[in-house]
Amino acid sequence: FYLTPPQVNSILKANEYSFKVPEFDGKNVSSVLGFDSNQLPANAPIEDRRSAATCLQTRGMLLGVFDGHAGCACAQAVSERLFYYIAVSLLPHETLLEIENAVESGRALLPILQWHKHPNDYFSKEASKLYFNSLRTYWQELIDLNSGETTDVREALINAFKRLDNDISLEAQVGDPNSFLNYLVLRVAFSGATACVAHVDGVDLHIANTGDSRAMLGVQEEDGSWSAVNLSYDHNAQNEHEVERVKMEHPKSEEKSLVKQDRLLGLLMPFRAFGDVKFKWSIELQKRVVESGPDQLNDNEYTKFIPPNYHTPPYLTAEPEVIHHKLRPQDKFLVLATDGLWETMHRQDVARIVGEYLTGVHHQQPIAVGGYKVTLGQMHGLLTERRARISSVFEDQNAATHLIRHAVGNNEFGTVDHERLSKMLSLPEELARMYRDDITIIVVQFNSHVIGAYQNEE
Amino acid sequence: AAGMFLRLLSDIQWRAAHPKWRRMTSSQRSTSTAAEPHPVSLPAQAQVVICGGGIMGTSVAYHLSKMGWKDIVLLEQGRLAAGTTRFCAGIVSTARPVSIELKMAHYSNKLYQQLEQETGVQTGYMKTGSISLAQTQDRLISLKRIASSLNVMGIPCEIISPKKVVQLHPLINIHDLVGAMYVPEDALVSSANVSLALATAASRNGVQIHERTSVSHVTVQKGRVTGVETDRGRIQCEYFVNCAGQWAYELGHSGEDPVHIPLHACEHFYLLTHPLKEPLSSSLPTVVDPDGRIYIRNWQGGILSGGFEKNPKPLFTEGRNQLEIQNLQEDWDHFGPLLSALLRRMPGLEALQIMQLVNCPESFTPDMRCIMGESPTARGYFVLAGMNSAGISYGGGAGKYLAEWMVNGYPSENVWPLDLKRFGTLQSSRTFLRHRVMEVMPLMCDLKVPRWDFQTGRQLRTSPLYDRLDAQGARWMEKHGFERVKYFVPPGKDLLDLDHSKTFYKPDWFDIVGSEVKCCKEAVCVIDMSSFTKFEISSTGDQALESLQYLFSNDLDVPVGHVVHTGMLNEKGGYENDCSIARLSKRSFFMISPTDQQVHCWAWLKNRLPDDSNLIMEDVTWKYTALNLIGPRAVDVLSELSYAPMTAEHFPSLFCKEMSVGYANGIRVMSITHTGEPGFVLYIPIEYALHVYNEVMNMGQKYGIRNAGYYALRSLRIEKFFAFWGQDLDAFTTPMECGREFQVKLEKGMQFLGQEALLEQKQNGVYKRFTMFILEDHDTDMDLWPWWGEPIFRNGRYVGKTTSSAYSYTLERHVCLGFVHHFDEKTGEELVVTTDFINQGEYEIDIAGQRFQAKAKLYPFSSLFTQRRRKDEVELSGYQRE
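For the protein sequence lines, the chains are A and B, in the order given.
Quick note on numbering: full-length UniProt numbering labels position 432 of the first sequence as 432, and the sequence is numbered without any gaps.
Quick note on numbering: full-length UniProt numbering labels position 335 of the second sequence as 335, and the sequence is numbered without any gaps.
The following block contains the structure:
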């Protein structure tokens with residue numbers, strides 16, 4: 001049983017989304033040309049989320065991928081809420097006041113974000129009121145705190161991450177009279193999510209990362225070849241600094257039990273995450289909330305289970321690591337992706353495949369036989385392989401889809417093998433998770449002309 | 001090849017007798033190592049200048065000089081036998097679907113075979129035979145059709161089984177084959193050497209050959225060639241022959257009055273390999289695998305294999321010289337699919353080592369047929385080019401026909417299918433050519449089924465009613481760039497898509513056309529026939545009548561308002577055109593001819609009408625929309641619309657009158673329908689076309705009017721035994737041979753063109769006779785349909801070929817039209833064909849190797865004519881066109 005190429009394509013393309021920054025007067029003055037994004041589920045339902053939005057009251061664009069675990073509730077909530085927290089953190093005092101006044105007097109609110117959503121990317125209607133109130137509390141505090149200083153993007157990102165995680169925690173502790181919402185906020189808090197968010201404003205690119213998703217810059221060298229620059233560090237056991245940080249935050253007595261089998265407390269892969277209150281709350285708080293919570297929560301073995309060697313919480317934080325990068329004309333694109341991609345592909349390959357896709361150059365130098373000894377059979381094999389490579393490029397109108405095709409279908413020679421692709425995509429739900437993870441990818445393409453112009457101004 | 005030629009020259013000079021030649025060769029030899037390229041100055045004048053030293057130019061020179069013309073100069077921009085000729089794969093193949101091309105290839109083969117003996121130049125001629133493979137039943141049918149026509153020409157050819165294929169060529173994988181055609185006398189040559197051999201023979205006969213001489217343009221005065229300008233000076237000449245291959249188009253456009261030669265080059269790829277471990281025998285047959293789009297021949301112990309891909313790469317030649325064209329890039333990715341086909345056909349070649357992928361340009365034409373003949377605008381300007389990748393196969397024959405054309409005024413065969421004048425300026429757009437050749441090149445390998453229409457370069461010329469008809473379900477075909485309706489698909493009915501509609505059997509529109517025919521017979525139909533060529537000829541005095549009386553065989557001195565069917569004959573009495581002429585007034589005539597006569601007929605008349613400013617000829621084709629109202633109720637529709645009585649007493653057959661139809665005035669109504677059915681053709685000034693059409697359709701409703709197309713017209717005309725110029729009639733057919741003596745007025749009181757030939761035929765009888773055949777044991781649903789070109793057998797002996805065929809919905813039988821000859825049983829000599837000879841035979845028609853009994857008739861079924869008319873009024877064996 002094999003999927004035909006059209007069937008394979010319909011699976012790969014089901015979640016693809018593209019956005020082109022609109023042009024004015026035939027010119028795009030943004031440093032971002034647009035982005036392609038896509039998701040391929042392995043879990044059912046998928047636990048990854050993605051978000052993209054343009055800030056309307058400040059300049060800049062936000063893009064992020066969110067990898068959920070222990071369910072998708074937390075990733076969903078973060079994907080809906082985080083960008084509002086970031087946008088609000090970036091707003092100048094006057095705008096915050098204006099917004100607050102509008103809400104106060106029941107006037108129409110200034111729009112803060114313009115979302116760029118795939119139809120499958122949904123927002124929870126039921127929780128919007130609750131989420132809005134938490135957000136409003138946040139900006140009211142910002143108004144009160146008015147420091148008078150211009151907003152620093154790094155600060156804003158860190159504050160927004162921390163504040164949202166805090167709100168998630170608080171909402172779960174307070175609960176909600178509405179039983180559906182009450183259960184929802186608990187599921188959000190007890191599940192977890194990593195986040196990797198990019199904020200692009202002109203040549204200023206900030207990456208805020210919490211967890212083991214990754215941001216990577218695609219750079220075109222002078223000779224036309226492609227290289228990858230990491231713009232985030234994975235927060236997991238492979239990152240020595242992370243292990244060091246965790247150890248620093250807890251007494252020496254726990255040193256051995258903190259990281260076991262490359263997992264936090266022997267349980268959690270990412271070392272930073274939203275939600276996951278089981279790694280943040282005290283044992284007492286956990287027990288109280290679970291016991292007073294709805295039956296579904298009470299019956300859940302996972303939520304009742306207390307991690308072993310749990311002595312000095314919190315063990316987990318949502319605070320992001322922020323990296324700032326000044327974009328250069330040779331920086332052609334940014335890839336944000338959950339670990340599902342990075343497990344299967346090396347970043348160097350990612351850079352090459354996307355770079356070649358976006359430039360339409362496939363390093364397909366014309367073949368010349370010249371004086372070499374080539375047989376008909378060899379030539380035939382070579383041409384067939386080249387054709388397969390070209391056809392897979394032409395099949396995709398979306399760089400993220402193209403990357404997924406390679407991530408899932410690549411054979412040992414680094415070319416897409418249809419048979420393999422078909423097999424991987426036709427795995428039954430139970431098996432899929434064993435062969436691959438959810439994959440979510442956003443590929444942001446930069447406008448080198450605009451970036452070059454910025455540079456010249458400076 | 002260049003070095004080879006130098007060697008040849010030194011060989012030849014000892015034998016060459018002509019002083020000019022000797023002077024040239026000796027001086028060339030003496031300077032052959034120096035850079036000075038032009039040893040001999042050009043002559044100031046010559047009778048003929050040929051441009052192009054490839055296979056075409058050298059073949060024309062060879063044949064002209066053989067026919068006694070000596071004062072000939074051949075100019076070549078680079079070296080002889082360079083260009084496409086040098087790269088040509090060298091396959092001489094006679095398996096051609098078009099009869100005239102088949103004859104050319106057959107002659108070429110015979111010529112090349114003895115060329116080495118004649119000239120002493122090695123041509124590499126090797127009779128290997130060729131095998132054309134069929135992967136499908138349809139392909140096999142098309143091969144069988146070709147086999148039938150090869151066989152009746154006496155060219156050995158057989159349809160063989162896959163097993164036999166392996167015996168002939170052990171490398172071929174046959175598991176996917178259903179059969180094949182074997183032509184044992186097909187050959188291989190070195191095309192460059194054939195060209196050099198022809199040049200050698202020509203130069204011995206006095207032709208001067210100058211290499212490295214470029215023609216910049218041709219000068220024309222008063223419509224005649226006067227000379228050529230070259231980069232080495234001017235040569236005065238009477239005749240110029242454009243054999244410039246892929247440069248022919250630009251050379252044609254370089255002069256002040258452009259000569260339009262519609263061809264466009266495409267890149268063509270073939271592969272050369274090193275020899276096999278056990279080198280392939282040079283006598284191994286050439287393999288053509290059209291379904292795989294490839295050909296494979298043996299080459300120096302290895303193979304040469306190329307093909308015609310689905311996605312050809314058109315090539316611009318503007319501003320590029322021969323050297324640049326020779327250095328075209330190899331493109332392996334492009335060749336990939338053809339390589340796959342090759343390895344599928346010969347899997348054993350996997351380990352064979354590649355030598356080179358050759359990229360050689362080939363010129364293609366808009367209709368896949370080569371271009372030959374004289375320019376319609378510049379007398380003495382001849383063309384031979386656009387070989388559609390079969391240059392070496394056609395070279396000999398094409399050169400011979402063109403030489404005959406120049407020397408005798410016309411070739412010894414009907415070459416209308418190849419005549420330059422079948423094209424006009426409208427096929428000369430670069431964009432059109434580029435798009436069309438991209439369709440034509442893949443078609444080289446595609447199945448050639450009946451009623452194929454080109455898909456590119458369409459909707460160029462249209463009737464003002466085009467959109468209206470299209471919205472009503474019209475399906476279109478194209479003639480001379482003009483869109484014409486084939487039939488109308490009724491609402492709710494779906495036909496097969498293009499690819500699936502290809503068939504040699506009963507087509508999917510069978511019932512649709514049947515109902516259109518029925519409506520023509522019982523009620524009334526409208527067919528838009530605007531594509532016809534329309535000329536108006538008028539004069540201040542009697543010049544128009546006098547000139548036309550000489551150029552046409554029927555008597556045109558008829559009362560005003562009469563329409564005359566008449567042939568426009570050549571000196572031999574053959575049809576150059578077949579038309580209807582209405583006498584609009586004493587001094588003006590309105591002439592209707594077939595669509596593709598626009599260029600040819602214009603040139604023919606222009607060249608023969610007296611140079612008199614008081615005699616005016618105008619092409620008014622574009623000014624009129626023609627609506628053909630066919631059927632017994634046409635008379636009712638028209639009389640209601642015009643408030644005029646239209647019955648036979650008031651408006652007899654073959655009558656023309658300007659009248660009003662609806663609000664529109666000045667509509668030329670003619671009581672002819674080109675089908676033998678009652679009705680009228682309305683010639684409507686185009687701005688009234690929509691109005692008149694709407695009026696006719698509204699008024700016609702109560703009489704059951706409907707739209708119809710050319711397929712219905714065709715069925716009607718063929719069952720009535722109406723011949724059609726270009727299909728049944730040609731320059732080699734006289735009115736006497738097709739039962740149209742009544743359209744010739746030998747005694748009209750003045751001389752006319754062709755009169756003597758017709759008088760002689762009248763006395764001595766004819767050597768072929770146009771005959772109608774009704775297929776007897778043919779099952780319309782199950783059997784292969786006849787098309788045209790099917791051999792006719794009388795008492796088991798071949799007597800001729802069909803020229804057209806159609807299903808007659810009235811007779812419920814297939815009708816084929818064709819010519820019957822009488823070949824002497826022993827000598828093969830042509831004898832006079834008498835009525836008795838026709839009537840006293842048992843006939844069979846061969847459709848793709850299967851013979852069907854047929855009944856021969858010399859007159860149509862009178863029962864088919866619904867209205868009785870006076871005998872001279874009946875359009876009996878009148879003309880029709882499609």
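The beta carbon of each residue, even a glycine, is placed where N, CA and C say it ideally should be.
Every value quoted in this text rests on a predicted model; they were computed, and no experiment measured them.
Helix, strand or coil: which one does DSSP assign to residue i?
i	result
Tyr621/B	The sequence given here has Thr at residue 621/B, not Tyr. Three-state DSSP puts Thr621/B in a helix.
Asn839/B	helix
Lys310/B	coil
Ile306/A	coil
Arg422/B	helix
Tyr270/B	strand
Arg813/B	strand
Cys445/B	coil
Leu775/B	strand
Ala523/B	coil
Asp289/B	strand
Phe132/A	helix
Asn795/B	coil
Met670/B	strand
Does the beta carbon of residue i come closer than 8 Å to any beta carbon on chain A?
i	result
residue 955/B	Because chain B in this structure spans residues 1 to 882, residue 955/B falls outside the shown range and cannot be described.
Trp299/B	no
Glu309/B	no
Thr733/B	no
Leu276/B	no
Gly306/B	no
Below 8 Å between beta carbons: does that hold for residue i and residue j?
i	j	result
Ile354/B	Leu431/A	no
Ala197/B	Thr123/B	yes
Ile46/A	Asp438/A	yes
Gly64/A	Ala195/A	yes
Leu143/B	Ile159/B	yes
Hey, is residue i's beta-carbon within less than 8 Å of any beta-carbon in chain B?
i	result
Val369/A	yes
Val374/A	yes
His418/A	no
Leu383/A	yes
Arg386/A	yes
Starting from the beta carbon of residue i, find every residue of chain E whose beta carbon is closer than 7 Å, and list them in chain order.
i	result
Met61/A	Absent from the structure is chain E; the protein chains it does hold are A and B.
Thinking C-alpha only, which one of the options is nearest residue i?
i	options	result
Ile371/B	Pro361/B, Ala385/B, Gly380/B, Tyr381/B	Ala385/B
Val820/B	Leu811/B, Glu830/B, Glu812/B	Glu830/B
Asp138/B	Thr621/B, Arg86/B, Thr503/B, Trp725/B	Thr503/B
Ile100/B	Tyr394/B, Cys157/B, Arg79/B, Tyr859/B	Tyr394/B
Glu741/B	His274/B, Lys623/B, Leu758/B	Leu758/B
Since residue i meets chain B, which of its residues come closer than 7 Å, beta carbon to beta carbon?
i	result
Met379/A	Trp332, Leu339, Ile354
Leu12/A	Here the premise fails: no neighbours, minimum Cβ distance about 25 Å.
Cβ closer than 9 Å: which chain A residues qualify as neighbours of residue i?
i	result
Glu350/B	Thr375, Leu376, Gly377, Gln378, His380
Leu280/B	Near Leu280/B there are no residues of chain A at all, since even the closest Cβ is about 14 Å away, more than 9 Å.
Could you name the residues of chain A that residue i contacts, counting a contact when the two beta carbons are closer than 8 Å?
i	result
Gly292/B	Per Cβ cutoff of 8 Å: no residues; Gly292/B is ~14 Å from chain A at best.
Gly302/B	Near Gly302/B there are no residues of chain A at all, since even the closest Cβ is about 10 Å away, more than 8 Å.
Please compile the residues from chain A whose C-beta is within a distance smaller than 7 Å of the C-beta of residue i.
i	result
Leu418/B	Those do not exist, as Leu418/B stays about 38 Å from chain A at its closest Cβ, beyond 7 Å.
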